[in-house]
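Engineer: Numbering (our numbering), first residue to last: 143 to 325.
Don't be surprised by glycine CBs; every beta carbon is placed ideally from N, CA and C.
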């Protein structure tokens, strides 16, 4: 069990002990592990980017990635520790993208749109209380978000959109399974 899971379990037990009307220990542990994971991923990424002079890019990249991910869904790691590590890598990759927006970037944005049209929303059934009849609206919002980058022309947004588009595809799931079998 990772330190994230141990911390979440400790906090869940403490909450249940001191507040009997709280949710089940299992539900609390799950929610707390998500909160701790998110906090650690964002904090480590922001500190690293603050030290390296990419703080603003990191803040904007994290915001863009979380927003597009909340709309499109996608692959989840099977453990909180691997999720934390993957999130840190993604956040820092987005923050360190430094090439100029060009035809290449526009093609990547267009590719992300095509992927989102085909694959999203993906794997949100158990994560969202949204009625499935609204899923086409989520797809439209994702396409509009990525399309806005043709005007904004941000390579950081291109990176966020492309990484998230990949995470909605079956190769992302196969890659996750391959890596997790090896670890």
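Residue 264 bridges to which residues according to DSSP?
Structural biologist: Answer is 215, bridged to residue 264.
Engineer: Would you call the segment 256 to 275 in contact with the segment 207 to 225, where contact means no fewer than 3 C-beta pairs closer than 8 angstroms?
Structural biologist: Yes, the segment 256 to 275 touches the segment 207 to 225.
Engineer: For residue 273, which of helix, strand or coil comes out of DSSP?
Structural biologist: Of the three classes helix, strand and coil, the one that applies to residue 273 here is coil, per DSSP.
Engineer: Decide if residue 194 is buried, meaning its Cβ has at least 16 other Cβ atoms within 10 Å, or exposed.
Structural biologist: So residue 194 counts as exposed.
Engineer: Any contact of the segment 243 to 257 with the segment 198 to 206, i.e. 3+ C-beta pairs under 8 angstroms?
Structural biologist: No, the segment 243 to 257 does not touch the segment 198 to 206.
Engineer: Expressed to the nearest angstrom, what Euclidean distance is found between the alpha-carbon atoms of residue 173 and residue 231?
Structural biologist: About 22 angstroms.
Engineer: Assuming residue 308 is part of the alpha helix (DSSP H), what are its boundary residues?
Structural biologist: From DSSP, the alpha helix (DSSP H) with residue 308 extends over 297 to 309.
Engineer: Between the Cα of residue 189 and the Cα atoms of 162, 227, 234, which residue gives the shortest distance?
Structural biologist: It is 234 whose Cα lies nearest to the Cα of residue 189.
Engineer: With a cut-off of 8 angstroms on the beta carbons, I'd call residue 303 and residue 210 a contact; round off their distance for me.
Structural biologist: Yes, residue 303 and residue 210 are in contact; Cβ-Cβ is about 6 angstroms, under 8 angstroms.
Engineer: What's the C-alpha gap between residue 227 and residue 180?
Structural biologist: Spanning the two alpha carbons is a distance of roughly 11 angstroms.
Engineer: Given this structure, state the Cα-to-Cα distance separating residue 281 from residue 262, to the nearest angstrom.
Structural biologist: Near 6 angstroms, if we compare the C-alpha coordinates of residue 262 and residue 281.
Engineer: Of all the options 165, 237, 309, which has the alpha carbon lying nearest to the alpha carbon of residue 192?
Structural biologist: Among 165, 237, 309, the Cα nearest to that of residue 192 is on 237.
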